[in-house]
Amino acid sequence: MNYVFPGLLLALTVVLQAFAPHTTLALRYDRAAVAGGEVWRLITGNLVHLNWPHLLLNLAGLVLIWVLLAREWSFRFWCAAFLICALAVGGGLFAFDPALQWYVGLSGVLHGLFVIALLTEPHLRWFERVGLLAALAAKIAWEQFHGPTPGVTELIHGAVVVQAHLYGALGGAVFGAGAWLGGRTRGG
160 MNYVFPGLLL
170 ALTVVLQAFA
180 PHTTLALRYD
190 RAAVAGGEVW
200 RLITGNLVHL
210 NWPHLLLNLA
220 GLVLIWVLLA
230 REWSFRFWCA
240 AFLICALAVG
250 GGLFAFDPAL
260 QWYVGLSGVL
270 HGLFVIALLT
280 EPHLRWFERV
290 GLLAALAAKI
300 AWEQFHGPTP
310 GVTELIHGAV
320 VVQAHLYGAL
330 GGAVFGAGAW
340 LGGRTRGG
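All residue numbers for the sequence shown refer to this note's numbering, where the first residue is 160 and numbers rise by one.
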């Protein structure tokens, strides 16, 4: 099991949250700042969170994806998957959601990592893969038409940007399909 990238990501997000709100303001996706040239915020906005409950919810998702589906991804595969999903989230928000002024959180990236794992995990049977992808697609579709999953807004004490889930999943689908077609199902 590769502990390096998920462990570093977990540690980094905890450290960044420990120094919030300064780190959050400096690193969040901020439309005006990105338009002004601070393009790193397309990625770093995924690393900072509203508060500790928001971070802990996202870290629980990261650990579940890591332990259940992405145990054998190489460090390089993890890095590439994270970057593609983070850019899909930040780039998608910038390109398609001009009214959204700022965003924080890892959930969009997590949706992408989940899709990548479902497309590349060799131990999944076809009906498990299709069933889980269909369930995720239904969740994302629900969110696009009805808003966030009930209870999440209250849990994190803030608005859920459901478009980030869509963009992350789309980025994950592109990356995962490329990895699957390239035969890199173990992240080598």
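Ideal Cβ positions, reconstructed from N, Cα and C, are used throughout, including at glycine. Being a predicted model, the structure only gives us computed values, none of them experimental.
Grab me the residues of residue i's own chain with a C-beta within less than 8 angstroms of its C-beta, minus the 5 sequence neighbours each way, in chain order.
| i | result |
| --- | --- |
| G317 | L209, N210, H213 |
| R187 | R200, T203, G204, V207, W261, Y262, V263 |
What did DSSP end up calling residue i once you bin it into helix, strand or coil?
| i | result |
| --- | --- |
| W261 | strand |
| Y188 | strand |
| G341 | coil |
| G335 | helix |
| A170 | helix |
| G196 | coil |
| L206 | coil |
Hey, residue i and residue j are a contact pair by Cβ (cut 8 angstroms); roughly how many whole angstroms apart?
| i | j | result |
| --- | --- | --- |
| Y326 | G251 | 3 angstroms |
| G330 | G271 | 5 angstroms |
By alpha-carbon positions, which one of the options ends up nearest to residue i?
| i | options | result |
| --- | --- | --- |
| A185 | V333, V268, W261 | W261 |
| T182 | G204, N161, V198 | G204 |
| N217 | A332, E231, R187, V268 | V268 |
| R242 | H305, D256, A177, F164 | Sequence inspection shows Leu at residue 242; the Arg mentioned does not correspond to that position. Minimum Cα distance to L242 is reached at F164. |
| N161 | W237, V193, A245, R190 | W237 |
| L340 | T279, E197, L292 | T279 |
| L292 | L221, I275, L175, L215 | I275 |
| A192 | L169, A332, Q303, L259 | L259 |
| A245 | H324, G342, A300 | H324 |
Tell me the start and end of each unbroken alpha helix (DSSP H) in the region 238-316 that is at least 4 residues and wholly inside, in chain order. 266-279, 285-305, 311-315
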